[in-house]
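For the sequence shown, the residue numbers in our numbering are 67 to 416. Glycine included, every Cβ here is placed at the ideal spot set by N, Cα and C.
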Amino acid sequence: KQQIVTVFNEPNHAKEWGGQLQPQEYAKFLSILIKGFKNLNPNFYILNAGMDQAAGNTANTLDEAGYLRWMAVEEPDIFNQLDGWASHSYPNHGFIGTAEDTGKASIVGYQWELSLLKELGLNKDLQVFITETGWPHQEGVSTNANLYNADRVAELTEDAFSIWEKDYHVQAITPFVYSYPVEPFDPFSWLKEDGGYYPQTNSLIAKDKLAGLPEQQQDFILKQVVLSDFLPTNYTYQGKLVVQNTGQWIIGEREGFAVPMESSSSGLKIDTKYLEKGQNLVKPGEEIQMDFEIITGTQSAEYKISINGQEHTINVFKPLDFKNENISIWKQLVIKLKLWWKIYLHKPHN
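Below, the structure written as structure tokens:
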């Protein structure tokens, strides 16, 4: 499944690149990292760093057009190495543009960027990820009368989404910023300090849209299986699994989870414990212990059970039954001695 990575942020600001403006150096790093990620896993989907389209040529900033041109001089094929294009298409200048504005430093500034990339040698169609955008509102820690009020911001935001959703290039919009109700980004925050919503938040929640549920690699491994290979008849055994999340998903976030387990016969029942949705979330790399029960019946037999595709054998015996012809008498005797000892250890003693 795709693993989307955007490589750094607004390097046409010196403060975002170690205090220097180095488009050639950024181009080199970007090319190296693209190759490194792809060699590690071809499912990595690489985006550039979103640029500040409103930045001019100053001691600490560089105009985006110039920055991109210098990148192309250093690495002529750099833009064709990308899988998609990250854009910071804000309604500038001063964050008071309208949804109808076009060109550089507008909510469709990515169109200007793509056109420039074509001039610089891009020969493929890049999907666009608007990783920053949005109108700041007057309301915040202090009032800024130079900005639109929150109600107007909600209207503009709704208009902008209506434009973006019609553009086949645009794959995702992630406005800046969901929750930052303190200085210096409080005017951009979609959440208030008390956790309440600003109007644009309610407006977007009510809007019909695709759920942000990208495909994820849903992998896990069993780090440990605690399971006895011999059990008495008419017995309930408590087993244990240690599960490690080795995928991209968060186990239990979108739906409940249980390790696949099944028995080869109705004479041996398995009760798999279920991890309810939203409980005990397991993030990538983390582990969780999950219990299960095995309930034996009345018959002595050899049973096969499958735990996440791994086959295990369980021998079930009556305490005084030595009539299983499929297993040698000596093996049965050893198993029974182990079984009696196990039962003895778990039996309460005065």
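Would the beta-carbon of residue i fall within 7 Å of that of residue j?
i: ILE196; j: SER155; result: yes
i: GLY116; j: ALA152; result: yes
i: ASN105; j: GLN69; result: no
i: GLN283; j: GLN314; result: yes
i: SER208; j: ILE144; result: no
i: LYS384; j: THR302; result: no
i: LYS339; j: MET356; result: yes
i: GLU180; j: ALA138; result: Reading off the sequence shown, one finds Leu at residue 180, where the question assumed Glu. For LEU180 and ALA138, no; Cβs fall outside 7 Å.
i: GLU352; j: VAL308; result: no
Return the CA-CA distance between residue i and residue j, expressed in angstroms with no decimal places.
i: SER332; j: PHE358; result: 17 Å
i: LYS275; j: THR240; result: 13 Å
i: THR127; j: PHE161; result: 18 Å
i: ALA220; j: ILE336; result: 54 Å
i: GLY206; j: ILE360; result: 59 Å
i: GLU296; j: ILE371; result: For the record, residue 296 in the displayed sequence is Phe; it is not Glu. Roughly 13 Å separates the two Cα atoms.
i: PHE388; j: VAL292; result: Here the model assigns PHE388 a pLDDT of 49, short of 50, so the residue's position is not dependable, and the following value carries that caveat. Looking at the two C-alpha atoms, the distance is approximately 26 Å.
i: GLY344; j: PHE286; result: 18 Å
i: GLU368; j: ILE380; result: 6 Å
i: LEU222; j: LEU279; result: 26 Å
i: TYR264; j: TRP178; result: 31 Å
i: HIS159; j: LYS258; result: 25 Å
i: VAL73; j: GLY375; result: 39 Å
i: ALA125; j: GLU140; result: 21 Å
i: VAL248; j: ASP225; result: 27 Å
i: LYS190; j: TYR246; result: 37 Å
i: LEU188; j: ALA93; result: 15 Å
i: ASN146; j: LYS306; result: 50 Å
i: LYS273; j: ASP217; result: 16 Å
i: ILE229; j: LEU347; result: 37 Å
i: GLU377; j: SER329; result: 10 Å
i: ASN210; j: GLU198; result: 21 Å
i: GLN290; j: LEU334; result: 22 Å
i: ILE373; j: VAL325; result: 7 Å
i: PRO414; j: GLY363; result: With a pLDDT of 48 at PRO414, under the threshold of 50, the modelled position of this residue cannot be trusted; read the value that follows with caution. Straight-line Cα distance between these residues: approximately 24 Å.
i: LYS232; j: PHE95; result: 34 Å
i: GLU166; j: LEU270; result: 19 Å
i: HIS504; j: ASN107; result: Past the edges of the chain, shown from 67 to 416, lies residue 504, and the structure says nothing about it.
i: HIS412; j: ARG320; result: Note that HIS412 scores 48 on pLDDT, short of 50, meaning its location in the model is unreliable and no value can be drawn from it.
i: LYS184; j: ALA277; result: 32 Å
i: LEU288; j: VAL71; result: 29 Å
i: THR164; j: GLY262; result: 26 Å
Kindly indicate the opening and closing residues of the alpha helix (DSSP H) around residue i.
i: GLN376; result: Taken as a continuous stretch (DSSP letters only), GLN376 belongs to no alpha helix (DSSP H), being part of the beta strand (DSSP E) at 376 to 383.
i: GLY305; result: Run containing GLY305: none in the alpha helix (DSSP H); it sits in the beta strand (DSSP E), 302 to 311.
i: THR72; result: Premise fails: THR72 lies in the beta strand (DSSP E), 69 to 72, not in any alpha helix (DSSP H).
i: GLU140; result: 130 to 140
i: GLN119; result: That residue, GLN119, is in no alpha helix (DSSP H); it is neither H nor E in DSSP.
i: LYS184; result: 175 to 185
i: PRO298; result: Premise fails: PRO298 lies in the beta strand (DSSP E), 296 to 298, not in any alpha helix (DSSP H).
i: SER329; result: Note, SER329: premise wrong, no alpha helix (DSSP H); beta strand (DSSP E) at 327 to 329.
i: GLU221; result: 216 to 230
i: SER269; result: 265 to 272
Tell me which residues share the same chain as residue i and place their Cβ nearer than 7 Å to its Cβ, disregarding the 5 neighbours each side in the sequence.
i: LEU182; result: ALA131 and LEU134
i: TRP201; result: PRO157, PHE161, TYR214, VAL219, LEU222 and THR223
i: PHE254; result: GLY200, PRO202, PHE242, VAL243 and TYR246
i: PHE251; result: VAL243
i: TRP136; result: PRO89 and GLN90
i: GLN304; result: ASP357 and GLU359
For residue i, which residues does DSSP report across the bridge?
i: GLN290; result: VAL308
i: TYR92; result: None, per the DSSP bridge assignment.
i: GLY150; result: LEU113 and GLN193
i: VAL236; result: VAL194
Can you name, in chain order, every residue of its own chain whose Cβ lies under 6 Å from the Cβ of residue i, other than the five neighbours on each side?
i: GLN119; result: GLU130, LYS170, ALA171 and GLY175
i: PRO350; result: ASN311
i: PHE323; result: ILE317 and LEU341
i: THR267; result: TRP256
i: ASN212; result: none
i: ILE100; result: ILE112 and GLN147
i: GLN204; result: ASN210, LEU213 and ASN215
i: THR168; result: VAL174
Any beta carbon from chain D within less than 7 Å of residue i's own beta carbon?
i: GLY322; result: The structure shown contains no chain D, having only a single protein chain.
Considering only residues of the same chain and omitting the five flanking positions on each side of residue i, which have a CB-CB separation below 8 Å?
i: GLN237; result: GLY150, GLN193, VAL194 and PHE195
i: ASN78; result: LEU87, PRO89, MET117, ASP118, ALA121, THR127, LEU128, ASP129, GLU130 and TYR133
i: LYS67; result: ASN109, PRO280, GLU281, GLN282, GLN283 and GLN314
i: ASN75; result: GLU82, ALA115 and GLY116
i: ASN123; result: ASP129 and GLY132
i: GLY102; result: none
i: PRO142; result: GLY187
Tell me which residue opens and which closes the beta strand (DSSP E) that residue i is part of.
i: THR124; result: Careful: THR124 lies outside any beta strand (DSSP E) and carries neither H nor E.
i: PHE161; result: Element bounds for PHE161: n/a, residue is neither H nor E.
i: ILE354; result: 353 to 362
i: THR338; result: 334 to 338
i: LYS370; result: 367 to 373
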